[in-house]
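Peer 1: The structure's right below; bear with me while I get my questions together.
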Amino acid sequence: MTTPTDVRTAPAEPQVAPAVPVRAGAFHPRQVREAFPDALRKLHPRAQLRNPVMFVVWVGSVLVTLDAIVSPSVFGWLITVWLWFTVLFANLAEAVAEGRGKAQAESLRRTKREMVARRLTPDGGEERVGGNELRIGDRVVVEAGEVIPGDGEVVEGIATVDESAVTGESAPVVREAGGDRSAATGGTTVLSDRIVVQITTRPGESFVDRMIALVEGAARRKTPNEIALTILLSALTIIFLLAVVALQPMSAYAGGAQPVIVLVALLVCLIPTTIGALLSAIGIAGMDRLVQRNVLATSGRAVEAAGDIDTLLLDKTGTITFGNRRATELIAVGDSTPAQLAVAARLSSLADQTPEGHSIVDLCAAEHGLPADASAGEAVAQFVPFTAQTRMSGLDLPDRVIRKGAAAAVLAWAGVASREVDALVEQISNEGGTPLVVAEARGVDGAGARVLGVIRLSDVVKPGIAARFAELRAMGIRTVMVTGDNPRTARAIAAEAGVDDHIAEATPEDKMAYIRREQEGGRLVAMTGDGTNDAPALAQADVGVAMNSGTAAAKEAGNMVDLDSDPTKLIEIVEIGKQLLITRGALTTFSVANDLAKYFAILPAMFAALYPSLGLLDIMGLASPESAILSAVVFNALIIVALIPLALRGVRYRPASASQLLRRNLLIYGLGGVVTPFVGIFLIDLLVRLVPGI
1 MTTPTDVRTA PAEPQVAPAV PVRAGAFHPR QVREAFPDAL RKLHPRAQLR
51 NPVMFVVWVG SVLVTLDAIV SPSVFGWLIT VWLWFTVLFA NLAEAVAEGR
101 GKAQAESLRR TKREMVARRL TPDGGEERVG GNELRIGDRV VVEAGEVIPG
151 DGEVVEGIAT VDESAVTGES APVVREAGGD RSAATGGTTV LSDRIVVQIT
201 TRPGESFVDR MIALVEGAAR RKTPNEIALT ILLSALTIIF LLAVVALQPM
251 SAYAGGAQPV IVLVALLVCL IPTTIGALLS AIGIAGMDRL VQRNVLATSG
301 RAVEAAGDID TLLLDKTGTI TFGNRRATEL IAVGDSTPAQ LAVAARLSSL
351 ADQTPEGHSI VDLCAAEHGL PADASAGEAV AQFVPFTAQT RMSGLDLPDR
401 VIRKGAAAAV LAWAGVASRE VDALVEQISN EGGTPLVVAE ARGVDGAGAR
451 VLGVIRLSDV VKPGIAARFA ELRAMGIRTV MVTGDNPRTA RAIAAEAGVD
501 DHIAEATPED KMAYIRREQE GGRLVAMTGD GTNDAPALAQ ADVGVAMNSG
551 TAAAKEAGNM VDLDSDPTKL IEIVEIGKQL LITRGALTTF SVANDLAKYF
601 AILPAMFAAL YPSLGLLDIM GLASPESAIL SAVVFNALII VALIPLALRG
651 VRYRPASASQ LLRRNLLIYG LGGVVTPFVG IFLIDLLVRL VPGI
């Protein structure tokens, strides 16, 4: 005798807490005003020492200021003011980049309010302690309406949790003991039931603490690429410094020694001040773009590595496919009609609360116009649940009995053999789907049983995923699908998704071995994971993205954590990494070309009196030597401000090969870096001519 079970009814709307916005807004002038005090504080020499290029400008500004005090002139004071503006604008670029994280940090701090924890004592009781008193290994009880006091693992119970304060997503998530959904984040709120959380972090080192430090820029260290570029810029600065110092005796020998103000102005315009001023802001903005997409990176190095990735390992379930098998086709057999099969399939699935059962009802409603909800007469039917023993489920009505399930089980129940059904089952299996057979019998005794048809369940490939993989292929990135499916199913889904390779029946050891083989070939590898068994591979990969819903072991092993727990985010992370590298390369190209163009403004002006032939290089026809030098210094300061939005927003990334990207950089930013100074300095010179005493 089966137990009556309520059949499918309309689901209730979940009650969720409102989301707290954590994303920073786009660049606008208000951010400049808010960052200005920080820019002034960064004028301290200790802060300037962190940037060798701008430290040279700072020292030059001090020298020019002293010279202007000793020998005051309009030209001297204007050069002094604009040199200090150059240093200030460089500080402003970094301060604005750091300030963009303040809105995110502020919303996160709201989750850091003083919390009281219900800590379990050794004798089984409870004691109330402050959240900052918790230590690793402590166990705390959290019930509906209470805030989880610290990061940890759920060791008892199951509950729905509102994580909107951290992720910005209002939909509640399930956290339960064991498995891959046991991680609990401090500052999130339990919405239902009761759980026991074992604390895994010290006070001040929680996930929220680390994220606050990240978005404020406090935890950012220079990446290897930044360090290498800083060394290159420092070397160029030293070379130009020696060249400028050597100009003074040459000028004196020719009978016209140059003033200190002119030499400093020349040096500032020759050294790569543009990229030197924006380098830090570019790196901070790259991290900020990750945070805006709810990804926490433990270091900027991981972001850069994402931009250089050669191989991408992606789980099939939830990344390439939706993860839940869905009914995609009803195939009638024998003398049954598609309409008869649809009616029976719908009836047998009305009380089936699995995603597969819901999808069967939805398919029958979409293709045959059948109602999605049970009628009053159908609601009294007896639902037979699926069991591992019977491998079937179904419905018992007064005049008929319906069963659906595994082919062998349903055919044995019906007492029939069908080559047509066997062929369909084999075909669907070969194509990577899952076949369910539907049969019915008249009366409760099961007389006159017959097979109505087969339902095809497919782990549906996400729309547009093949196009995304094609874009990655255009970037030179290989995509590898990892799945526990049998080779036949894996091969079919891999072909449909358009991945370059696949690993079937994958174990943790298989993932590790594949990553090591790729790395031994000189390639960088990225992968996602959420379970403890993924931790070794996440640690081995160059970019390991752990899901926030996963275990603490996975999050500790990876170098990024996705707060949304969306495995497809890995593709966006790669694009953000590439955008960071492209932005840095584009602005470096612009800066070098920009410096070359400024030579034609200052050098002819400096030596025109001594060497009249140099006047031929003054192609802009500037008003006077003083006007040319001042216009170049003013342009050198203003171009930093003009490029701050581009440094923060990033150069638009389009999938292309390395050679195509190089050509585009040279054409747009190389040529633009040469042309812009000529136009800008000429226009500024027109204004400078109006200043008395120049």
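Numbering (full-length UniProt numbering), first residue to last: 1 to 694. Glycine included, every Cβ here is placed at the ideal spot set by N, Cα and C.
Residues in its own chain within less than 7 Å of Arg689 by CB, not counting five upstream and five downstream?
Peer 2: For the purposes of this step, residue 689 is taken as residue 689 along the sequence shown, with counting starting at 1. These residues qualify, in order along the chain: Ala623, Ser627.
Peer 1: Confirm, please, whether the CB-CB distance from Thr528 to Val545 is below 7 Å.
Peer 2: Walking along the sequence shown from the start, residue 545 turns up at place 545. Walking along the sequence shown from the start, residue 528 turns up at place 528. Yes, the Cβ-Cβ distance between Val545 and Thr528 is below 7 Å.
Peer 1: From the DSSP secondary-structure annotation, give me the bridge partner or partners of Phe383.
Peer 2: As a position in the sequence shown, residue 383 is number 383, starting the count at 1. Looking at the DSSP assignment, Phe383 forms a beta bridge with Leu395.
Peer 1: Secondary structure at Ala26, three-state DSSP: helix, strand or coil?
Peer 2: To locate residue 26, count along the sequence shown from 1; it is residue 26. For Ala26, the pLDDT reaches just 47, beneath the cut-off of 50, and the residue's location in the model is therefore unreliable, leaving the point undetermined.
Peer 1: Hey, out of Thr676, Val56, Ile515, Pro435, whose CA is closest to Ala277's CA?
Peer 2: As a first step, residue 277 must be located in the sequence shown, where it is residue number 277. Looking at the Cα atoms, Val56 is the closest of the given residues.
Peer 1: Write down the C-beta distance between Gly152 and Ala184 rounded to the nearest angstrom, noting that I regard them as a contact closer than 8 Å.
Peer 2: By 1-based counting over the sequence shown, the position of residue 152 is 152. By 1-based counting over the sequence shown, the position of residue 184 is 184. Right, their Cβ atoms sit about 5 Å apart.
Peer 1: For Val260, which residues of its own chain have a beta-carbon under 8 Å away from its beta-carbon, when the five flanking residues on both sides are left out?
Peer 2: The residue labelled residue 260 in the question sits at position 260 within the sequence shown. Excluding positions up to five away in sequence, the list reads Leu63, Val64, Asp67.
Peer 1: Compare the beta carbon distance of Ala344 and Glu426 with 7 Å and say whether it is the shorter of the two.
Peer 2: As a first step, residue 344 must be located in the sequence shown, where it is residue number 344. As a first step, residue 426 must be located in the sequence shown, where it is residue number 426. No, Cβ-Cβ distance for Ala344 and Glu426 is not below 7 Å.
Peer 1: With DSSP collapsed to three states, give me the class of Pro122.
Peer 2: For this step, residue 122 is matched to residue 122 along the sequence shown. Three-state result, Pro122: coil.
Peer 1: With DSSP collapsed to three states, give me the class of Thr223.
Peer 2: As a first step, residue 223 must be located in the sequence shown, where it is residue number 223. Coil at Thr223, not helix or strand.
Peer 1: Check whether the Cβ atoms of Ala492 and Glu556 lie closer than 7 Å to each other.
Peer 2: Counting from 1 along the sequence shown, the entry for residue 492 is found at position 492. Counting from 1 along the sequence shown, the entry for residue 556 is found at position 556. Not in contact: Ala492 and Glu556 (Cβ atoms no closer than 7 Å).
Peer 1: Quick check on the burial criterion: 16 or more other C-beta atoms within 10 angstroms. Buried or exposed for Leu232?
Peer 2: What you label residue 232 is simply residue 232 of the sequence shown in a count that begins at 1. Its Cβ having fewer than 16 others within 10 Å, Leu232 is exposed.
Peer 1: Taking Cβ to Cβ, would you say Glu189 is nearer than 7 Å to Asp162?
Peer 2: For the purposes of this step, residue 189 is taken as the residue at position 189 of the sequence shown. For the purposes of this step, residue 162 is taken as the residue at position 162 of the sequence shown. Inspection of the sequence shows that residue 189 is occupied by Thr rather than by Glu. Cβ atoms of Thr189 and Asp162: closer than 7 Å.
Peer 1: Alpha carbon to alpha carbon, what distance is there between Glu518 and Ile639?
Peer 2: Residue mapping note: residue 639 aligns to position 639 of the sequence shown, counting from 1. Residue mapping note: residue 518 aligns to position 518 of the sequence shown, counting from 1. Cα to Cα, Ile639 sits roughly 43 Å from Glu518.
Peer 1: Taking the alpha-carbon positions, what's the Gln258 to Gln248 distance?
Peer 2: Here the question's residue 258 lines up with position 258 in the sequence shown. Here the question's residue 248 lines up with position 248 in the sequence shown. Near 6 Å, if we compare the C-alpha coordinates of Gln248 and Gln258.
Peer 1: So, for Phe682: in the same chain, excluding its five sequence neighbours on each side, which residues have a beta-carbon less than 7 Å away from its beta-carbon?
Peer 2: On the sequence shown, position 682 is the one that residue 682 refers to. Correct list, in chain order: Met620.
Peer 1: Taking the beta strand (DSSP E) that Met547 belongs to, which residues open and close that run?
Peer 2: Along the sequence shown, read from residue 1 onward, the residue named residue 547 stands at position 547. Per DSSP, Met547 belongs to the beta strand (DSSP E) from 543-547.
Peer 1: Taking 7 Å as the threshold (C-beta atoms), are Ala281 and Asp542 in contact?
Peer 2: Indexing the sequence shown from 1 puts residue 542 at position 542. Indexing the sequence shown from 1 puts residue 281 at position 281. Not a contact, by the Cβ cut-off of 7 Å.
Peer 1: Within the chosen definition, does the stretch 326-340 reach the stretch 384-397 through at least 3 CB pairs nearer than 8 Å?
Peer 2: Taking 8 Å as the limit for Cβ pairs, the verdict is that the stretch 384-397 does not touch the stretch 326-340.
Peer 1: Between which two residues does the beta strand (DSSP E) containing Pro435 stretch?
Peer 2: To locate residue 435, count along the sequence shown from 1; it is residue 435. Where Pro435 is concerned, the enclosing beta strand (DSSP E) stretches over 434-442.
Peer 1: I'd like to know whether the C-beta atoms of Ala35 and Gly99 end up nearer to each other than 7 Å.
Peer 2: As a working note, residue 35 is residue 35 in the sequence shown. As a working note, residue 99 is residue 99 in the sequence shown. Yes, Cβ-Cβ distance for Ala35 and Gly99 is below 7 Å.
Peer 1: Going along the chain, which residues of its own chain have a beta-carbon closer than 7 Å to the beta-carbon of Val268, five neighbours each way excluded?
Peer 2: In the sequence shown, residue 268 corresponds to position 268, counting from 1. If we look at Val268 and ignore the five residues flanking it on each side, its Cβ neighbours are Val57, Gly60, Leu83, Thr86, Val633, Asn636.
Peer 1: Which one of Arg663, Ala417, Leu630, Ile644 has the shortest CA to CA distance from Val691?
Peer 2: Taking the first residue of the sequence shown as position 1, residue 691 is located at position 691. Among Arg663, Ala417, Leu630, Ile644, the Cα nearest to that of Val691 is on Leu630.
Peer 1: Mind checking which residues open and close the beta strand (DSSP E) that includes Val480?
Peer 2: The sequence position of residue 480 within the sequence shown is 480, counting from 1. Residues 478-482.
Peer 1: Report yes or no: is there a C-beta of chain C within less than 7 Å of the C-beta of Ala647?
Peer 2: Annotation note: the requested chain C is absent from the structure, which comprises a single protein chain.
Peer 1: Starting from Gly130, follow its DSSP beta bridges and name the residues at the other end.
Peer 2: For this step, residue 130 is matched to residue 130 along the sequence shown. Answer is Val116.
Peer 1: Could you check where the beta strand (DSSP E) with Val174 kicks off and where it finishes?
Peer 2: Here residue 174 is taken as the residue at index 174 of the sequence shown, counted from 1. 173-176 is the span of the beta strand (DSSP E), which, as asked, contains Val174.
Peer 1: Quick one: is Ser206 buried, meaning 16 or more other Cβ sit within 10 Å of its Cβ, or exposed?
Peer 2: Numbered from 1 along the sequence shown, position 206 holds the residue referred to as residue 206. That one is buried.
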